[in-house]
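Single-structure report; data block below.
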Ligand code: S3P
């Protein structure tokens, strides 16, 4: 177990270069793997989760070249839709739910056997929601615990059958797994989600030459995505924006530490991800969004953050998917805000790398914050600008918890 000692910062100032987006990196690697011809992925995220997806693609027979200068770059030579081969070992996806779920979808359409597993935390996370619709598409899939969890065994099939899937929860991992399987299906697969989740798969597929239809999804309405099977993807030149979910830690730090001004260049500001920015604005944060532009189908902008006093807010329901990964750092902002913050309808947070509701409640208490854990969320009494007291706390093996507590 590793320990990190963090001392209060006197001042934050300057430019923060944020690593590439994790969700988009996974998707770019997987699409490159089934595309025809070379793909270059600029500014990919060389962190363990994405490296697991990359190692899986290599194990499935695809050569990958990594370069580290001056920004991380990947070159993948795709051999088209029939290039992947049965791996000669288990695919170990570590802590990465996105790798596990998206690969299960992709491999459902590959006519060979794959076994996917991961660490203790990943092997506890729900898989039935992915396995069931893929079975309906014709893949043979088994999961431990009667189909609930990983390890997952996939005997893929080609072609799969297109289905019309209604997702029980807004989950981009589930949606993307079905769209990837849909690439190898006869007919058009439709996926309807109750609230629009991050839409990186829908934005990236056209970069590789595929056509995807998207209906609805505005103002909290359900969104329906259509993916016609048999489309051939072409290798592409992909540029990955900085990850807003990583930037979020710096944004909150620059707001609550007596900082000067912090600039964050070329951060992804896809509206399915910017829930925290909007919410911090309502809490009183001073965040300026400049130079909006597009990078490989994704909106990006430079962010400038200045210190501000925050006030508590109440949130729930349809606002959560756009800030699903920012809950730990939102709790930190709430802990130093003036007044109470309440988050409701957030049950999904108990199914992440850790039970993020229970963990944030327990860890914030160690800093002297008054917190009430709710079945579907949390109630935090802000310290109104008083400093938190130092604490010995635990990340519970969850990277976003570690960053938020730091
Ligand atoms: C992700 C989707 C989200 C998110 C995760 C990354 C993705 O999970 O929490 O960190 O890349 O699709 P769910 O789809 O399970 O909500």
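Numbering (this note's numbering), first residue to last: 9 to 414. All C-beta atoms, glycine included, are put in the ideal place defined by N, C-alpha and C.
Item: Beta-carbon contacts of residue 399 that lie in its chain and below 6 Å, excluding the five residues immediately before and after; Value: 374, 375
Item: Opening and closing residue of the beta strand (DSSP E) in which residue 41 lies; Value: That residue, residue 41, is in no beta strand (DSSP E); its alpha helix (DSSP H) goes 30-42.
Item: Check: residue 304 C-beta below 7 Å from any heavy atom of the ligand S3P; Value: no
Item: Terminal residues of the alpha helix (DSSP H) in which residue 25 lies; Value: Segment: none, residue 25 is in no alpha helix (DSSP H) and carries neither H nor E.
Item: Contacts around residue 247, its chain only, beta-carbon distance under 8 Å, and the 5 residues preceding and following it disregarded; Value: 50, 51, 303, 304
Item: Beta-carbon spacing of residue 330, residue 282 below 8 Å; Value: yes
Item: Closest Cα partner of residue 20 within the set 60, 265, 62; Value: 265
Item: Expected contact under 8 Å - CB spacing of residue 186 and residue 173 to nearest Å; Value: 6 Å
Item: Cβ shell of residue 66 (< 7 Å), same chain only, five flanking positions each side left out; Value: 72
Item: Cα-Cα separation, residue 146 to residue 122; Value: 15 Å
Item: Stretch-stretch touch, CB-based, cutoff 8 Å, three pairs: the region 273-289 with the region 124-133; Value: no
Item: For residue 301, the first and last residue of its enclosing beta strand (DSSP E); Value: 294-303
Item: Nonlocal neighbours in the same chain, by C-beta distance under 7 Å from residue 59, ignoring five residues either side; Value: none
Item: Whether residue 343 touches residue 390 by CB criterion (8 Å); Value: yes
Item: N- and C-terminal bounds of the alpha helix (DSSP H) containing residue 57; Value: 56-67
Item: Three-state class that DSSP yields for residue 2 in the structure shown; Value: There is no way to answer for residue 2, as the model of the chain reaches only from 9 to 414.
Item: Candidates 314, 357, 92, of which the one nearest residue 328 by Cα; Value: 357
Item: Heavy atom of the ligand S3P within 7 Å of residue 360 beta-carbon; Value: yes
Item: Alpha-carbon spacing of residue 170 relative to residue 239, whole angstroms; Value: 13 Å
Item: contact_flag[the region 358-371, the region 284-292] where n(CB pairs < 8 Å) is 3 or more; Value: no
Item: Heavy atom of the ligand S3P within 7 Å of residue 356 beta-carbon; Value: yes
Item: Residue 270 - containing beta strand (DSSP E), residue span; Value: 270-276
Item: Beta-ladder partner(s) of residue 85, from DSSP; Value: 46
Item: Euclidean distance between Cα positions of residue 106 and residue 333; Value: 13 Å
Item: Nearest candidate by alpha-carbon position, reference residue 53, set 68, 44, 70, 74; Value: 74
Item: Pocket of the ligand S3P defined by Cβ to heavy atom distance under 5 Å; Value: 31, 106, 179, 180, 181, 332, 333
Item: Residues sharing a beta bridge with residue 407, DSSP; Value: In the DSSP output, where bridge partners are listed per residue, residue 407 has none listed.
Item: DSSP state of residue 177 mapped onto helix, strand, coil; Value: coil
Item: Environment of residue 10 [buried if 16+ CB atoms lie within 10 Å]; Value: exposed
Item: Sequence-distant residues of the same chain with beta carbon closer than 6 Å to residue 61, five excluded per side; Value: 34, 37, 107
Item: Residues that residue 206 bridges to, as DSSP identifies them; Value: Bridge partners of residue 206: none, in fact.
Item: First and last residue of the uninterrupted beta strand (DSSP E) at residue 394; Value: Note, residue 394: premise wrong, no beta strand (DSSP E); not H, not E.
Item: Delimiting residues of the alpha helix (DSSP H) encompassing residue 289; Value: 283-291
Item: Three CB pairs or more closer than 8 Å across the region 253-262 and the region 221-236; Value: no
Item: C-alpha gap between residue 69 and residue 335, whole angstroms; Value: 38 Å
Item: Cα-Cα separation, residue 293 to residue 140; Value: 43 Å
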